[in-house]
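In the numbering used here, the protein residues as written are 45 to 251. Here is the structure we will look at.
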Ligand SMILES: [Fe+2]
């Protein structure tokens, strides 16, 4: 009997329909009316200012709705029910032709995206396997190479609907390829637990 075990998998969680249509609409309006900053790499991608979710009622509500999802995902990551806080949120507006470079989120453990429009298939968020450190990398790049979970370099988020949430570990590289469709709206967030324990000491995070 042959058995294959996928060692050390990475959790990635999707929650469909987390925000209702009215809330998605309100966020889109807020994304367009708020103060915006062009992305350093392209004028076709803009971000709102960083939003402290304690300071605006709309985002207090979202943080409350996201909380149980965050607790569940945190439990997958660290094996315990920790007290999670969404420390910042911001929104992204991606115009036709715009893209977002591969990046990861520093000073955060769990990051999330709530889709505020149905992304054109060209702009599904792409997650990359770690691109390597100082080690040499060998791979078999042949035309007929079969790509599967053990040799793939990237993974593309499947079709999502407005209001859907995805959560992923903040260290994962991700980006958005060039938009060949309508304006794309998303809400992004970073979250931290209150503490991480190591036997007789704890690392604590506070504001
Ligand atoms: Fe990101």
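Backbone N, C-alpha and C define an ideal beta-carbon position, used for all residues, glycine too. All of these numbers come straight from a predicted model, not from anything done at the bench.
Query: What did DSSP end up calling residue 219 once you bin it into helix, strand or coil?; Result: strand
Query: Pick helix, strand or coil for residue 66, following the three-state DSSP scheme.; Result: helix
Query: Tell me the start and end of each unbroken alpha helix (DSSP H) in the region 165-203 that is at least 4 residues and wholly inside, in chain order.; Result: none
Query: Taking contact to mean at least 3 C-beta pairs separated by less than 8 Å, is the region 125-132 in contact with the region 163-177?; Result: no
Query: Please return the same chain residues whose Cβ sits closer than 7 Å to the Cβ of residue 94, not counting the five positions on each side in sequence.; Result: 132 and 134
Query: Just how far apart, CA to CA, sit residue 221 and residue 167?; Result: 5 Å
Query: Please report the residue range of the alpha helix (DSSP H) in which residue 118 lies.; Result: 101-122
Query: So, residue 229 versus residue 160, is the Cβ gap smaller than 7 Å?; Result: yes
Query: To the nearest angstrom, how far is the alpha carbon of residue 183 from that of residue 192?; Result: 13 Å
Query: Thinking C-beta only, is residue 144 closer than 7 Å to residue 209?; Result: no
Query: Give the secondary structure of residue 239 by DSSP, where H, G and I count as helix, E and B as strand, and everything else as coil.; Result: strand
Query: So is residue 107 buried or exposed if we call it buried at 16+ other beta carbons inside 10 Å?; Result: buried
Query: Please determine, among 92, 205, 188 and 211, the residue with the shortest C-alpha to C-alpha distance to residue 234.; Result: 211
Query: Mapping DSSP to helix, strand and coil, what is residue 126?; Result: coil
Query: Going by DSSP, what residue range makes up the beta strand (DSSP E) through residue 88?; Result: Where residue 88 is concerned, there is no enclosing beta strand (DSSP E), given that its DSSP letter is neither H nor E.
Query: Which stretch, first to last residue, makes up the beta strand (DSSP E) that contains residue 211?; Result: 209-213
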